[in-house]
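Enquirer: Quick one: structure below, then a few questions.
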Amino acid sequence: MLRLALLLTTLLLGACAPRPEGPPPAPTAAGIEALTRGIADLGPGVDPEEAARAARIAKEYSHSLALAYGVTDPPLVHNTKVNLGLRPRGLCYQWADDLQARLAQEGFRTLTLHRAIANADNPFRIDHSTLIVSRTGDGYAEGLVLDPWRQGGVLFWAPVKSDPDYAWQPREMVLARKLTAKSVSGRAVPR
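Residue numbering for the sequence shown is -17 to -1, 1 to 174, as defined by mature numbering (1 follows the signal peptide of the UniProt record, and there is no 0).
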């Protein structure tokens, strides 16, 4: 009964959000080029070829994941379907895990991948996980958010410090804080 109520509530709330018609659109050459410039602009020392490769893979792989996950709804509706077992994957941390694993295969020399979580300290919002790319030697805060979940398979990207929707914190810091809280309260630690 609780699952049905959760599904109906999410579907009703999701009806207020713009609903894509079918799977998300494939990435465009212009979108890949814009992300290439964004990555290259992380600073001197970023290899232009690595920036182009990272941008292409991030855009194209996000789209491939959307197809594999069966995304046809706004993110929160899709989350509900995953939680009810109606879709195989597609929670934000799964997008971040999968995109990180794919980009890590490239062995970039001039780029570093980081993980971050937002909303962990806000009881009125769900935690949100993402992947961040920075210039090697820089911290996560100097990087770009690579968030395929936010727009249901259409890769959102922006500088960490100017993300309009989320205030990011290093994943390790958030998980350590949650682990400490769990040891005190006995509650489960989310990813």
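No residue lacks a Cβ here, since even glycine has one placed at the ideal position from N, Cα and C.
For Y52, which residues of its own chain have a beta-carbon under 7 Å away from its beta-carbon, when the five flanking residues on both sides are left out?
Expert: Position 69 of the sequence shown, counted from the first residue, corresponds to residue 52. Excluding sequence positions up to five before and after Y52, its CB lies within less than 7 Å of the CB of R70, P71, R72, G73, all in the same chain and listed in chain order.
Enquirer: Can you check which of these residues, A164, S117, A150, is closest to P27 by C-alpha distance?
Expert: Numbered from 1 along the sequence shown, position 44 holds the residue referred to as residue 27. With distances taken between Cα atoms, P27 lies closest to S117.
Enquirer: R118 by DSSP, collapsed to three states: which one?
Expert: Here residue 118 refers to the residue found at position 135 of the sequence shown. R118: strand per DSSP, three-state reduction.
Enquirer: The ligand COA heavy atoms versus the CB of R72: any closer than 7 Å?
Expert: Among the components modelled here there is no ligand, and therefore nothing to report on the ligand COA.
Enquirer: For my contact list, S45 and P131 are in at a C-beta cut-off of 8 Å; report their separation, rounded to the angstrom.
Expert: For the purposes of this step, residue 45 is taken as the residue at position 62 of the sequence shown. For the purposes of this step, residue 131 is taken as the residue at position 148 of the sequence shown. Right, the Cβ-Cβ distance comes to about 4 Å (below 8 Å), so this counts as a contact.
Enquirer: Comparing C-alpha positions only, which one of P31, D104, A164, K165 sits nearest to R92?
Expert: Position 109 of the sequence shown, counting from 1, holds the residue named residue 92. The option with the nearest alpha carbon to R92 is P31.
Enquirer: In three-state DSSP terms, what is Q152?
Expert: As a first step, residue 152 is located in the sequence shown; it is residue number 169 there, counting from the start. Here Q152 sits in strand by DSSP.
Enquirer: Work out the CA separation of S112 and A159 for me, nearest whole Å.
Expert: Numbered from its first residue, the sequence shown carries residue 159 at position 176. Numbered from its first residue, the sequence shown carries residue 112 at position 129. Their Cα atoms are separated by approximately 15 Å.
Enquirer: Strictly by DSSP, which residues pair up with I100?
Expert: For the purposes of this step, residue 100 is taken as the residue at position 117 of the sequence shown. DSSP lists S112, Q152 as partners of I100.
Enquirer: With the cut-off set at 8 Å, would you say R98 and R133 are in Cβ contact?
Expert: On the sequence shown, residue 98 is found 115 positions in, with the first residue counted as 1. On the sequence shown, residue 133 is found 150 positions in, with the first residue counted as 1. In this structure, R133 does not lie closer than 8 Å to R98 by Cβ.
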